[in-house]
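Taking our numbering, the leading residue of the sequence shown gets 2, the next gets one more, and so forth.
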Amino acid sequence: METNMKKTGAFLPPEAIREQLAAADRIRLGYAAQGRTDDNAPGYYVLTFGCQQNEADSERLGGLCAAMGYRRVDDMADADLILVNTCAIREHAEKKALSIIGSCKHLREKNPDLLVGIGGCMVTQKHRADKLKNSYPYVTFTFDTGAVHLLPSLVENALAGGKRQFIHSEAYEIAEGLPLDRTSKHMAWLSVMYGCNNFCSYCIVPYVRGRERSRRMEDILTEAKMLIADGAKDITLLGQNVNSYGKDLADSADDPDFSDVVRAVCALDGDFRLRFMTSHPKDASDRLIAAIADCPKVARHFHLPVQSGSDEILKRMNRKYTSAHYKSLIDRLKAAVPDISITSDIIVGFPGETEEDFEATLDMLRYVEYDMIFSFIYSPRPGTPAAEMPDQVPHEVSTARFERLLALQNEISLRRNERFLGQTLRVLVEGVSKTDDNMLTGRGDPVRPVHFPGESSLIGQFVNVKIEKITPFTLEGAMSN
Ligand code: SAH
Ligand code: SF4
Ligand code: F3S
């Protein structure tokens, strides 16, 4: 009994979803009765900040909007329903979201029927939702990350002239069976777990995404098959801590772990490439490394954020590994998958970071030879332990270190990219280049964007591209057989 509760306790009851889909249907029929269907249907616009998890949530919001009879519009000014899916990871992310939300004021003045709903990690913090409630009267409703499925009832209430609503969920349960409005035909997100238990001392995510919850393997595989049938050729398995998948389910050694998910998705029929993110070094197992080595559909890429190369800083970040452990993991990974590309997140200027600590991070870059890094200047997040730590690093010191970090990584990236010169890569064509109409942009395996001349009719297909030119960030070439 206990076991059963553990396995199903994290899921919303199916009736709760059915209720929302019924509300969506009522809204759609209401619009239809006013003749608002097809080209005349009300417009929705979803703006997404933050990580891929938010992108994935936005596709669910879009799916619910479509179920309510809305059609997607490309211009915020044409929308009858604006949804902003916010992020709180750094102060800058919150400022950007608040400024966009502020710009809804004049749209609302022009169109008093406009509904403005704010979701995501920023409004999951009560003080932010309160601020929107009190100082942004044109915000119709807010909903936290546990309340994505409630969108239809929020819209129904607003359309009926009900009070503004500000939802704070008691639990963050998994909502299976929500419709999806995918934003790319050939690329797809597939969440396998939600939440994070790690409480890195600088990070807001565990407070705004709740504890780790894994989806059932059968639900993941059903969705993967649907995505493949719908044309997905590049699928990314998502989780805040994706490789801890299954730990909340594990009742016996036979229960699946993340490597089993990777193997099971790869075993599905279809010509697709599989990626996954983000992994935590403490949960990166030899079983996972073996799955990457064994499965040709898995991109030869491992995003394994180290954050810092200093043991002292790693300890205060509560990362639960040492630089020696991380390096041994990298050694095993490179031995098992020699053509692997490794990428990382790095935080510069964590409280108390000395010149020596920072040098240890530079040493880590040299040791691993990352293909690419995503680097961030530390941003204190109210409510996290690091925000209260002494010795906050002055901004000018962090900025100078940040520049040094980038300069070193650019050298390393360029050197790493040299190995592709003269090689032929299999590239999924994503679109026409933003800077040149005659050029296409695609995603190679592993991580770099690839540019080459070609026709837009190739978008969504795999093509072979022989690499002739490199920069630290991109590869260029020509199609070949
Ligand atoms: N779950 C993932 C992603 C977390 S957010 C992981 O553990 O790697 C993405 C990145 O943002 C983190 O890896 C970290 O480098 C950065 N980040 C998180 N909180 C931050 C903060 N307060 N200031 C600066 N960067 C931060
Ligand atoms: Fe944040 Fe750490 Fe969890 Fe990543 S593992 S989401 S950095 S608390
Ligand atoms: Fe931002 Fe939330 Fe993702 S804080 S990075 S959108 S989990």
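We put the CB at the ideal spot given by N, CA and C, even for glycine. Computed from a predicted model, the values in this text were never measured in an experiment.
- Closest in alpha carbon position to Glu157, among Leu422, Glu404, Arg29, Gly432, is Arg29.
- Asp346 is bridged by DSSP to Phe375.
- A straight line joining the alpha-carbon of Ile468 with that of Thr344 spans about 21 Å.
- With a cut-off of 8 Å on Cβ pairs, the region 44-63 is in contact with the region 77-86, counting three or more such pairs.
- Taking C-beta atoms as the reference points, Leu334 and Ile341 count as a pair closer than 8 Å.
- Asp131 counts as exposed, since fewer than 16 other C-beta atoms from the protein chains shown sit within 10 angstroms of its C-beta.
- When the Cα atoms are used, Gly432 and Ser457 turn out to be separated by approximately 7 Å.
- In summary, His304 is buried, with 16 or more beta-carbon neighbours lying within 10 Å of its beta-carbon over all protein chains present.
- Inter-segment contact for the region 173-190 and the region 221-234 is present: three or more beta-carbon pairs are separated by less than 8 Å.
- Nearest to Arg427 by C-alpha distance, out of Arg417, Gly196, Met440, Gly445, is Gly445.
- As a beta-bridge residue in DSSP terms, Gln166 pairs with Phe142.
- Short note on Pro207: C-beta closer than 7 Å to some heavy atom of the ligand SF4.
- In this model, Asp26 and Ala233 are separated by some 28 Å (Cα to Cα).
- Asp312 has its alpha-carbon roughly 21 Å from the corresponding atom of Gln410.
- Taken through DSSP and simplified to helix, strand or coil, His452 comes out as strand.
- Around the beta-carbon of Phe144, 16 or more other beta-carbon atoms lie within 10 Å, marking it buried.
- Within a 10 Å sphere around the beta-carbon of Gly36 sit fewer than 16 other beta-carbons, which makes this residue exposed.
- Straight across, the Cα-Cα distance linking Phe12 with Ala148 is about 13 Å.
- Leu99 and Leu62 have their C-alpha atoms spaced approximately 20 Å apart.
- Nearest neighbour of Arg320 by Cα position, chosen from Val307, Lys328, Gly455, turns out to be Val307.
- Considering only Ala388, Ile347, Leu422, Gly163, the residue with the shortest C-alpha distance to Leu407 is Ile347.
- Rounded to the nearest whole angstrom, the C-alpha separation of Glu354 and Ile314 is 7 Å.
- Ser245 counts as buried, since no fewer than 16 other beta carbons sit within 10 angstroms of its beta carbon.
- Separation of Val243 and Ser154 (C-alpha to C-alpha, rounded to the nearest whole angstrom) is 31 Å.
- Residue environment for Phe375: exposed (fewer than 16 other C-beta atoms within 10 angstroms of its C-beta).
- Around the beta carbon of Pro447, 16 or more other beta carbons sit within 10 angstroms, so the residue counts as buried.
- Distance from the C-beta of Cys201 to the nearest heavy atom of the ligand SF4 is below 7 Å.
- Relative to Glu219, the option among Ala68, Ala401, Val266 whose CA is nearest is Val266.
- Distance from the CA atom of Ala337 to the CA atom of Ala291, rounded to whole angstroms, is 7 Å.
- DSSP, read as helix, strand or coil, puts Met77 in helix.
- When secondary structure is reduced to three states using DSSP, Gly118 falls in the strand class.
- Distances taken from the Cβ of Tyr137 to the heavy atoms of the ligand SAH include none shorter than 7 Å.
- Collapsing the DSSP output to three states places Tyr195 in a strand.
- Gly44 sits in a strand when the DSSP states are folded into three classes.
- In this chain, the beta strand (DSSP E) harbouring Arg427 covers 425-433.
- Glu477 is bridged by DSSP to His452, Lys470.
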